[in-house]
Amino acid sequence: MLLVAKEPCGHGIDGLNFHHLVEKYYGPSATTSQSHSGIINFLLANGVVGTLLLVIFLGSLVRLGWLGFYRRDSLPGFFLTMLVLGFFFRGMWDDIWRDSMLEEFAFLTMFLFCWCRGIHV
């Protein structure tokens, strides 16, 4: 978290931002190639504000899915809630918030979002 305090606005989107920041502030090190945590990498890349916006967005998707399931017995709402919660909590200890994993999450999330809202594409 010291790296976040030193770069609160983020370092920019890069697959090795953790490694670059460790080398920048602590010198060359062969053992710190990545943090292995999606939320830490996202925080270092996008800063505190970007991460808060992501958490708010994911929270609104969880709320939408849960209300769709609870009020309208919408099974896609339940799937949306579980998908977002699973992706968020797995991202805390595994770096899945990038590349094709993020693209697949975005596709499934928007598909379920449209299904919950009754939007026919």
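Taken in order, the sequence shown gives residues 387 to 507; the numbers are from my numbering. All C-beta atoms, glycine included, are put in the ideal place defined by N, C-alpha and C.
Assign residue 413 to one of two classes, buried (16 or more other C-beta atoms within 10 Å of its C-beta) or exposed (fewer than that).
For this step, residue 413 is matched to residue 27 along the sequence shown. With fewer than 16 Cβ atoms within 10 Å of its Cβ, residue 413 is classed as exposed.
Does residue 425 come out as helix, strand or coil in the three-state DSSP assignment?
Within the sequence shown, residue 425 is the residue found at index 39, counting from 1. Helix.
Less than 7 Å between the beta carbons of residue 424 and residue 481, yes or no?
Your numbering for residue 424 matches position 38 in the sequence shown. Your numbering for residue 481 matches position 95 in the sequence shown. In contact: residue 424 and residue 481 (Cβ atoms closer than 7 Å).
Pair every Cβ in the segment 452-464 with every Cβ in the segment 495-503, then say whether three or more of these pairs are closer than 8 Å.
Judged by Cβ distances under 8 Å, the segment 452-464 makes contact with the segment 495-503, as three or more pairs qualify.
Going straight from the alpha carbon of residue 395 to that of residue 436, what length do you get?
Position 9 of the sequence shown, counted from the start, is the residue given in the question as residue 395. Position 50 of the sequence shown, counted from the start, is the residue given in the question as residue 436. If you take the alpha carbons of residue 395 and residue 436, they lie about 8 Å apart.
Note down, in chain order, each residue of its chain lying with its Cβ closer than 7 Å to the Cβ of residue 452, except the 5 sequence neighbours on either side.
Here residue 452 refers to the residue found at position 66 of the sequence shown. Answer for residue 452: 463 and 467, listed in chain order.
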